[in-house]
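**Q** Protein chains in written order, with my numbering: chain A, 1 to 190; chain B, 1001 to 1190; chain C, 2001 to 2190; chain D, 3001 to 3190. Dumping the structure here so I can ask a few things about it.
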DNA sequence: AATGAATGAGAGTTCATTCAT
DNA sequence: AATGAATGAACTCTCATTCAT
């Protein structure tokens, strides 16, 4: 009996996912340019040629990995979607940020490597904005409500802080005490 | 008749500088692996072969660029060298950071793009540590003296914050209010 | 549909052989350093890149060519393996040497040209020793048994003579009378 | 006072000689293709550019070194020029061969490396013949006079033996006992 | 759907040779 | 006569991509 359309799509999707996982893993160990399609294929357990059945190019593969990561990220941060952040939600949000950082280290490594490449950046800029804009809006509103002096600058600063922390954590996870860091951030930025 | 020693030194220095500038510029536009020696040579207006008269390898070229940058940086931050930071010096230090960021914007733009690439990190990790370690020590002592709870985490966090701010400022200078940002940082981290 | 295992093996073996043949031929005409991978590929009728699908480096290619030749050679000379040479076997051995020289003239021509190049020597010295050592031991024993004055020097000299003869024969086969030469060698060295 | 024409020629010749010596020394350590003009110049204590004032090309330099070596060789072997070899002269000749071999090892190393390269060989073939032909004639006459069976084959064989010995001696000087070897050769070939 | 042989452009690097000084 | 900066062609090797099977 031939497989149903549905089954075919599922197989295809799971294959794609496993290729992306293999690639992400390798990208976290070596730089993007030193990871060859051959190597990714080998790690994914398929042939080089078949790769092109799933991704039209290496660039496309990277793009899809980054977009998938953003989606994961924005799903988690979707909170209660009312665009209003309570103090409790703020704490939860910081908590989540660090949780994601810890649990998806390889992704964030790739993310930084990729985002730092202006050419790739162009490819995913749109997606990035789509994720970040509502986040900045919500945060700015949060500080407005609290009546701080420059709510947008404050929001922007927190965003930058999280970037910086992520970067440093990725570069040297041992040197960071997550718990202490979280505590200080919440204290200072709530 | 051969050129004088003096002439040769001049030729060599100006050539080296122009190669490094060309390379730095290109590295800020594309990833290190995608910038070829050919391209650097072309932009520097010389032949590919001549590159190797000045730098023994691409790796060496990158190293020299980054080290030159670090040296500039650490010279500026040399403060009063006693390893003790007063509150006044702290403010001055934050001030200086932003001043450098603003005034050498294009340089730092290039600079971040280069340093953030994982391959470069490996090449210059040692140099980076040499610059950053005393900075972290001083900062940690500062927070110890103030009696805060986790002085090292606090220092590390401020370092990360400055990284993140620099990164975001470089990426989008318009979106940042330097004065407001400085004020908030000093308030929260002094 | 992918090729069968069998087909792949056949393709690989015939390609490898044709690359090695092309290379051997070219090495006999020019020095190893002046024969480029490009040239070998062109003569083998394949692309430069494909070379590296079969040999991991130029060095590896050379090694494999020389080892293949040595193996052919040592198979032929395996005598009766007891390590003892009778006078009759000695005569047979000289006979064989010349027979091989005559019958595989063109191969030995290529072969000498390759092996005599110092770079190759380094690559295959080990293999060469593996082949020559037992030969020298047997010969030395032979002269010991006969009670000659310096058996090792005698053995070494005969080895050198055969090298020299091969070389000169290869360079100018017309100028040599095999039968006369063989006769004199046997007379003097038995 | 300007130097005389004579002086200029002498200076030039001694410079050439020292360049050739430097080159010969290096060629004996590394293969011809891996010794660069730069390196030769450095070892000769002059600039790269000046090299071309003395030798029009690297090939020309090699050719001149080889020819100089041949000349040395044929001068030594010129014996009493009557074309007649006595037994005493024969012994002297073998003696001399080994003396040259020992004292000019680097030259012979180069010689073999060069002679094995068919392209270079063409350049010096004529010179080589000029040296070898009278040698073969004299030797053949020697054996004729002694009434041996095939005088030319005998001469040719001795020539080959000396080639083979030289080759092996160059490849592994330690492994050879010059005195024993000489003794056996004289015994068997006088 | 699946393979891996095959391609070809381009990477970093070296070096004999030239030439302005 | 002398220098070494400069060139450009050639080198070995890599890899994303294609395609016959």
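Idealized CB from N, CA, C, for every residue including glycine.
Taking residue 1187/B as part of the alpha helix (DSSP H), name the residues at either end of that continuous run.
**A** Residue 1187/B sits at position 187 when you count from the first residue of the second chain. From DSSP, the alpha helix (DSSP H) with residue 1187/B extends over 1178-1189.
**Q** Mark residue 2148/C as exposed unless 16 or more other C-beta atoms lie within 10 angstroms of its C-beta, in which case mark it buried.
**A** To locate residue 2148/C, count along the third chain from 1; it is residue 148. Residue 2148/C comes out exposed.
**Q** Please report the Cβ distance between residue 2044/C and residue 2019/C, rounded to the nearest whole angstrom; I am assuming they are in contact, meaning their Cβ atoms lie under 8 Å.
**A** On the third chain, residue 2044/C is found 44 positions in, with the first residue counted as 1. On the third chain, residue 2019/C is found 19 positions in, with the first residue counted as 1. Right, the Cβ-Cβ distance comes to about 5 Å (below 8 Å), so this counts as a contact.
**Q** Return no unless some Cβ of chain D is closer than 7 Å to the Cβ of residue 2004/C.
**A** The residue you call residue 2004/C lines up with position 4 of the third chain. Not an interface residue.
**Q** Please classify residue 1017/B as buried or exposed, where buried requires at least 16 neighbouring CB atoms within 10 angstroms.
**A** One-based indexing of the second chain puts residue 1017/B at position 17. It is exposed - the Cβ of residue 1017/B has fewer than 16 other Cβ atoms within 10 Å.
**Q** Tell me whether residue 2090/C sits in a helix, a strand or coil according to DSSP, three-state version.
**A** The count along the third chain starts at 1 and reaches residue 2090/C at position 90. Here residue 2090/C sits in helix by DSSP.
**Q** Any contact of the stretch 1053-1064 of chain B with the stretch 51-58 of chain A, i.e. 3+ C-beta pairs under 8 Å?
**A** These segments do not touch.
**Q** Note down the Cα distance separating residue 60/A from residue 3038/D, rounded to an integer number of angstroms.
**A** On the first chain, residue 60/A is found 60 positions in, with the first residue counted as 1. On the fourth chain, residue 3038/D is found 38 positions in, with the first residue counted as 1. If I take the Cα positions, the gap works out to 47 Å.
**Q** Using a Cβ-Cβ cut-off of 6 Å (strictly less than) and excluding sequence neighbours within five positions of residue 2158/C, which residues of its own chain qualify?
**A** The residue labelled residue 2158/C in the question sits at position 158 within the third chain. Counting only Cβ-Cβ distances below 6 Å, and skipping sequence neighbours, we find 2189.
**Q** Please tell me whether residue 1011/B has its Cβ less than 7 Å away from any Cβ of chain A.
**A** Translated into positions along the second chain, residue 1011/B becomes position 11. Answer no: the Cβ-Cβ gap between residue 1011/B and chain A never drops below 7 Å.
**Q** Using a 10 Å radius around the Cβ and a threshold of 16 neighbouring Cβ atoms, would you call residue 1181/B buried or exposed?
**A** Within the second chain, the letter at position 181 stands for residue 1181/B. With 16 or more other Cβ atoms within 10 Å, it is buried.
**Q** Less than 8 Å between the CB atoms is what I'm expecting for residue 2165/C and residue 2074/C, so what's the real figure, rounded?
**A** Taking the third chain and counting its residues from 1, one reaches residue 2165/C at position 165. Taking the third chain and counting its residues from 1, one reaches residue 2074/C at position 74. At roughly 19 Å, the Cβ-Cβ gap does not stay under 8 Å, so residue 2165/C and residue 2074/C are not in contact.
**Q** Would you identify the three-state DSSP class for residue 3172/D, choosing helix, strand or coil?
**A** Start at 1 with the first residue of the fourth chain, and residue 3172/D comes out as number 172. It is coil, neither helix nor strand.
**Q** Does the beta carbon of residue 2164/C sit closer than 7 Å to a beta carbon anywhere in chain D?
**A** Here the question's residue 2164/C lines up with position 164 in the third chain. Yes, residue 2164/C lies at the interface with chain D (some Cβ there is under 7 Å from its Cβ).
**Q** Flag this pair as yes or no: are the beta carbons of residue 1067/B and residue 1119/B separated by less than 7 Å?
**A** The sequence position of residue 1067/B within the second chain is 67, counting from 1. The sequence position of residue 1119/B within the second chain is 119, counting from 1. Result no, Cβ atoms of residue 1067/B and residue 1119/B do not sit closer than 7 Å.
**Q** What are the start and end residues of the alpha helix (DSSP H) that includes residue 1150/B?
**A** For the purposes of this step, residue 1150/B is identified with residue 150 of the second chain, where counting begins at 1. Segment: none, residue 1150/B is in no alpha helix (DSSP H) and carries neither H nor E.
**Q** What in chain A is Cβ-close to residue 1113/B, meaning under 8 Å?
**A** Within the second chain, numbered from 1, the residue matching residue 1113/B stands at position 113. Residues of chain A passing the Cβ test: 116, 118.
**Q** For residue 2140/C, which residues in chain D fall below 7 Å Cβ to Cβ?
**A** Along the third chain, read from residue 1 onward, the residue named residue 2140/C stands at position 140. By Cβ distance, chain D contributes nothing, its closest Cβ being about 12 Å from residue 2140/C, past 7 Å.
**Q** Could you tell me which of 1024/B, 1154/B, 1013/B sits nearest to residue 1106/B, measuring between CA atoms?
**A** In the second chain, counting from the first residue as 1, residue 1106/B sits at position 106. The candidate whose alpha carbon is nearest that of residue 1106/B is 1024/B.
**Q** Verify the CB distance criterion: does residue 3172/D have a CB-CB separation below 7 Å to chain C?
**A** Taking the first residue of the fourth chain as position 1, residue 3172/D is located at position 172. Output row for residue 3172/D: interface = no.
**Q** Could you list which residues in chain A have their beta carbon closer than 8 Å to that of residue 1175/B, in chain order?
**A** Locating residue 1175/B in the second chain gives position 175, where the first residue counts as 1. Residues of chain A passing the Cβ test: 156.
**Q** Looking at the secondary structure, which residues open and close the alpha helix (DSSP H) in which residue 1083/B lies?
**A** Position 83 of the second chain holds residue 1083/B. First-last for residue 1083/B: undefined, no H or E at that position.
**Q** Counting only Cβ pairs nearer than 7 Å, list the residues of chain C close to residue 3153/D.
**A** The residue labelled residue 3153/D in the question sits at position 153 within the fourth chain. Those are 2177, 2180, 2181, 2184, listed as they occur along chain C.
**Q** I think residue 1161/B touches residue 161/A, with their Cβ atoms under 8 Å apart; what is that distance to the nearest whole Å?
**A** Locating residue 1161/B in the second chain gives position 161, where the first residue counts as 1. Locating residue 161/A in the first chain gives position 161, where the first residue counts as 1. With 8 Å as the limit, residue 1161/B and residue 161/A qualify as a contact, their Cβ atoms being about 5 Å apart.
**Q** Within the continuous alpha helix (DSSP H) that includes residue 3045/D, where are the two ends?
**A** In the fourth chain, residue 3045/D corresponds to position 45, counting from 1. Segment: none, residue 3045/D is in no alpha helix (DSSP H) and carries neither H nor E.
**Q** Suppose contacts are defined by Cβ-Cβ distances below 7 Å. Is residue 1028/B in contact with residue 1113/B by that definition?
**A** As a first step, residue 1028/B is located in the second chain; it is residue number 28 there, counting from the start. As a first step, residue 1113/B is located in the second chain; it is residue number 113 there, counting from the start. Their beta carbons are under 7 Å apart, which means residue 1028/B touches residue 1113/B by this criterion.
**Q** Is residue 2150/C close to chain D, meaning its C-beta is less than 7 Å from at least one C-beta of that chain?
**A** As a working note, residue 2150/C is residue 150 in the third chain. It does; some Cβ of chain D falls within 7 Å.
**Q** On the three-state DSSP scale, how would you describe residue 2118/C?
**A** Within the third chain, residue 2118/C is the residue found at index 118, counting from 1. Residue 2118/C falls in the helix class under three-state DSSP.
**Q** Reducing DSSP to helix, strand and coil, say where residue 3156/D ends up.
**A** For the purposes of this step, residue 3156/D is identified with residue 156 of the fourth chain, where counting begins at 1. Here residue 3156/D sits in helix by DSSP.
**Q** From 3072/D, 3109/D, 3048/D, 3041/D, pick the residue whose C-alpha is nearest to that of residue 3173/D; which is it?
**A** The residue given as residue 3173/D occupies position 173 in the fourth chain. Of the listed residues, the one whose Cα sits closest to residue 3173/D is 3109/D.
**Q** Can you check whether the C-beta of residue 1029/B is within less than 7 Å of a C-beta belonging to chain A?
**A** Position 29 of the second chain, counted from the start, is the residue given in the question as residue 1029/B. With 7 Å as the cut-off, residue 1029/B counts as an interface residue toward chain A.
**Q** Counting only the same chain and skipping the five closest in sequence on each side, list residues whose C-beta sits under 6 Å from that of residue 2994/D.
**A** One cannot answer for residue 2994/D here, as it falls past the ends of chain D, which runs 3001 to 3190.
**Q** Can you tell me where the alpha helix (DSSP H) with residue 3007/D in it begins and where it stops?
**A** Counting from one through the fourth chain, the residue named residue 3007/D turns up at place 7. Segment 3005-3029, the alpha helix (DSSP H) holding residue 3007/D.
**Q** Are the beta-carbon atoms belonging to residue 1123/B and residue 1065/B less than 7 Å from one another?
**A** Your numbering for residue 1123/B matches position 123 in the second chain. Your numbering for residue 1065/B matches position 65 in the second chain. Not in contact: residue 1123/B and residue 1065/B (Cβ atoms no closer than 7 Å).
**Q** The stretch 3088-3106 of chain D: which residues have C-beta closer than 7 Å to a C-beta of chain C, in chain order?
**A** Answer set for the stretch 3088-3106 of chain D: empty.
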